[in-house]
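Peer 1: In the working numbering, the protein residues as written are 4 to 196.
Just so it is clear, CB atoms sit at the ideal spot from N, CA and C, and this is done for glycine as well.
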Ligand SMILES: CC(C)(COP(=O)(O)OP(=O)(O)OC[C@H]1O[C@@H](n2cnc3c(N)ncnc32)[C@H](O)[C@@H]1OP(=O)(O)O)[C@@H](O)C(=O)NCCC(=O)NCCS
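(1) By Cβ distance, which residues of its chain are closer than 8 Å to residue 8, with the 5 residues on each side in sequence left out?
(2) Measuring CA to CA, which of 129, 83, 106 is closest to residue 119?
(3) Please classify residue 143: does DSSP put it in a helix, a strand, or coil?
(4) For the stretch 59 to 128, which segments carrying the beta strand (DSSP E) assignment without a break, of at least 3 residues, lie completely within its bounds, in sequence order?
(5) Listed by chain order, which residues have C-beta atoms less than 6 Å from any heavy atom of ligand 1?
(6) Look up residue 34 in the DSSP assignment and say whether it is helix, strand or coil.
(7) Just to confirm the assignment, what range does the alpha helix (DSSP H) spanning residue 49 have?
(8) Might you give, ordered along the chain, the residues of its own chain that have their beta carbon closer than 7 Å to the beta carbon of residue 147, omitting 5 neighbours on each side?
(9) When the Cα of residue 145 is compared with those of 63, 23, 37, which residue comes out closest?
(10) Looking only at DSSP bridge pairs, what is residue 23 linked to?
(11) Looking at the strands, I want to know which residues DSSP matches up with residue 9.
(12) Do the stretch 83 to 103 and the stretch 52 to 63 touch if we need at least three Cβ pairs shorter than 8 Å?
(13) Measure the Cβ-Cβ separation of residue 66 and residue 13 and say whether it is below 9 Å.
This is how it looks when you write it as structure tokens:
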């Protein structure tokens, strides 16, 4: 099927894979709460096997959305992102309407997505909370540690501090494994004592 393309002002939405700028997409995802720790290799494999929507200002990619789908019964929408400097001017809504209007995504029995706080965006396109959440199951494999909070550790010389960190990952607050953060000699053990 030929690439799906829409124009508005100086902006273009296109599903052409060759046009996607993986640098820009990786940069978006490195700032997204749900994709922390996603490697470049995983990002590229996910793009290869998905229906992807790039949003461009001239030649520069400034938005992205990815749909995992069989183009017949089901679609999972994810990685929806607009560059910070282009937000608040209707581009996210335009991208969403392009996704929902794509000819290969018509008549599907079900769409799903997960979001921490953008329900109000998706509700404008017919989305609603799960009707029967008790029927849904998942396998969730949290990614490896994506960051640490070190301030308390640095304040406590001499202590090998064990801290837990909490991060938003894939739309949930996930408590990640404890980390050994900081190791300094105790004052009474310094040289000469
Ligand atoms: C969410 C996002 C794609 C919206 O893009 P945008 O171009 O700024 O949005 P628009 O200007 O088209 O307007 C968004 C609409 O959704 C509403 N909305 C609801 N929740 C929102 C949220 N969490 N963030 C932004 N808009 C939200 C806005 O109020 C606005 O509706 P209105 O015009 O009726 O007031 C963009 O803010 C973004 O990339 N955020 C970071 C990544 C993210 O959270 N993606 C969604 C993950 S599920």
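Peer 2: Reading from the atomic positions:
(1) 15, 16, 17, 18, 19
(2) 83
(3) If DSSP states are grouped into helix, strand and coil, residue 143 belongs with coil.
(4) 63 to 72, 77 to 85, 113 to 115
(5) Listed by chain position, these are 35, 83, 84, 85, 90, 91, 92, 93, 94, 95, 96, 118, 120, 121, 123, 124.
(6) coil
(7) Annotation: the continuous alpha helix (DSSP H) that includes residue 49 extends over 43 to 51.
(8) 40
(9) 37
(10) Residue 23 is not bridged to any residue.
(11) 16
(12) Between the stretch 83 to 103 and the stretch 52 to 63, the count of C-beta pairs closer than 8 Å reaches three or more; the two stretches touch.
(13) no
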